[in-house]
Amino acid sequence: MSIDLTEPPVVVNCGVATHGVQRTSDVYWLPQLWAVHLYGYNAELVIDGTVHRIGPGSVSLVPPRTVTEYRYRGPSTHHYAHLTAADTGSPETLVLSPGHDHSTLTEHFSSAVAHATLRPERTRAELWLALQRITAQRPEPTEATDHVARAIQWIETHLDEPLTVPQIAAAVGLSHTHLTRLVRTHTGRTVVAHLRHRRVSRAVHLLQNTSLSIGAIAAATGFSDLQTLNKACRQETGRSPRQLRAG
Numbered sequence: 001m002s003i004d005l006t007e008p009p010v011v012v013n014c015g016v017a018t019h020g021v022q023r024t025s026d027v028y029w030l031p032q033l034w035a036v037h038l039y040g041y042n043a044e045l046v047i048d049g050t051v052h053r054i055g056p057g058s059v060s061l062v063p064p065r066t067v068t069e070y071r072y073r074g075p076s077t078h079h080y081a082h083l084t085a086a087d088t089g090s091p092e093t094l095v096l097s098p099g100h101d102h103s104t105l106t107e108h109f110s111s112a113v114a115h116a117t118l119r120p121e122r123t124r125a126e127l128w129l130a131l132q133r134i135t136a137q138r139p140e141p142t143e144a145t146d147h148v149a150r151a152i153q154w155i156e157t158h159l160d161e162p163l164t165v166p167q168i169a170a171a172v173g174l175s176h177t178h179l180t181r182l183v184r185t186h187t188g189r190t191v192v193a194h195l196r197h198r199r200v201s202r203a204v205h206l207l208q209n210t211s212l213s214i215g216a217i218a219a220a221t222g223f224s225d226l227q228t229l230n231k232a233c234r235q236e237t238g239r240s241p242r243q244l245r246a247g
């Protein structure tokens with residue numbers, strides 16, 4: 001795993017949170033912090049465009065600078081921790097289905113939350129132990145997931161360019177039909193829909209966190225003009241770029 005666990009990470013905050021009460025979805029982007037969650041509900045977790053179906057006992061470890069979307073099915077409670085830690089290479093996301101370590105992980109997280117105020121060193125140790133267990137369960141990647149990961153990574157580094165499905169497929173050594181099938185299977189979207197989703201996600205971040213003009217943001221996220229950006233934002237979020245900028 002890419003997170004460096006040779007020593008305990010620094011815990012910025014941790015707790016138990018309930019979502020899905022007022023909104024059916026949330027989107028997060030932490031520029032400097034790792035996020036680890038232990039889930040107590042069924043939902044869809046979308047990480048950089050890849051859809052993961054989670055259930056009670058699922059866990060996720062998400063590196064900094066990663067767009068994460070939660071699609072809830074009602075009130076949804078999870079344990080969470082935000083951490084600072086070194087990485088050992090290109091940071092990877094880890095999502096695990098419910099496993100035999102569920103009760104032990106729950107104990108670690110519950111103890112970490114209970115001691116956060118008076119004994120932060122105990123919190124740090126408990127989460128370190130939890131992370132050791134989580135990363136030990138990391139599954140070996142399959143050839144299919146490796147292809148999809150390479151395609152998604154290539155898309156991420158070329159979002160500001162005009163892209164076609166055959167061009168993306170050629171960049172990762174696949175036929176466009178094979179790539180389309182793999183991406184739909186692993187993300188729930190077509191390649192074109194995934195590309196639009198990622199461009200809009202980046203545009204939303206720039207709209208809400210920078211003073212760049214909307215025209216400059218359109219160019220920086222690969223949209224040919226303001227009209228195309230406006231149409232894509234409305235398709236993905238139901239709001240125009242100006243509405244998104246207003247918050």
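Start counting the sequence shown at 1; every next residue gets the next number (full-length UniProt numbering).
Ideal placement from N, C-alpha and C gives every residue a C-beta, glycine not left out.
Use the C-beta contact count for residue i: other C-beta atoms within 10 angstroms, 16 or more gives buried, fewer gives exposed.
i	result
Glu7	exposed
Asp146	exposed
Asp225	exposed
Thr77	exposed
Arg196	buried
Ser60	buried
Ser201	buried
Thr221	buried
Leu118	exposed
Ser103	exposed
Pro9	buried
Ala218	buried
Pro241	buried
Val172	buried
Val21	exposed
Gly247	exposed
Answer yes or no: do residue i and residue j have a C-beta to C-beta separation smaller than 8 Å?
i	j	result
Cys14	Thr123	yes
Trp29	His205	yes
Pro63	Trp34	yes
Ala112	Ala151	no
Ala86	Asp26	no
residue 268	Ala144	Only positions 1 to 247 of the chain appear in the structure, and residue 268 is not among them; the question remains open.
Val191	Val165	yes
Pro31	Arg65	yes
Ala216	Phe223	no
Ser2	Ser58	no
Asp101	Gln137	yes
Leu129	His115	no
Consult DSSP for residue i and reduce its assignment to one of helix, strand or coil.
i	result
residue 292	Shown here, the chain extends from 1 to 247; a query on residue 292 therefore has no answer.
Asp87	strand
Val67	strand
Glu53	The displayed chain sequence assigns Arg, not Glu, to residue 53. The answer is strand: DSSP assigns Arg53 an E or B state.
His176	helix
His115	coil
Asp4	coil
Leu30	coil
residue 249	The structure shown does not extend to residue 249, since the chain spans only 1 to 247, so no value can be given for it.
Val16	strand
Ser97	coil
Glu44	strand
Gln137	coil
Ser58	coil
Assuming residue i contacts residue j (C-beta within less than 8 Å), just tell me the rounded distance between them.
i	j	result
Val46	Glu69	4 Å
Arg198	Leu229	About 13 Å separates the two Cβ atoms, so there is no contact after all.
Ala169	Leu179	4 Å
Val16	Leu131	Actually they are not in contact, since the Cβ atoms of Val16 and Leu131 sit about 18 Å apart, beyond 8 Å.
Val51	Gly188	4 Å
Val11	Leu105	Not confirmed; about 16 Å, so no contact.
Tyr72	Pro56	Contact doesn't hold; Cβ gap of about 14 Å is too wide.
Leu207	Arg245	4 Å
So with Cβ pairs under 8 Å, would you call residue i a contact of chain B?
i	result
Cys233	Absent here is chain B; the protein component of the structure consists of one chain.
What I want to know is whether the C-beta of residue i ends up closer than 7 Å to one or more non-hydrogen atoms of the ligand MN.
i	result
Glu7	Only the bare structure without any ligand can be found here, which leaves the ligand MN out of the picture.
Original post:
Taking the runs of the alpha helix (DSSP H) that are 4 residues or longer, which of them lie wholly in the UniProt domain "HTH araC/xylS-type" (149-247)?
Top reply: 165-171, 176-187, 191-209, 214-220, 226-237 and 241-246
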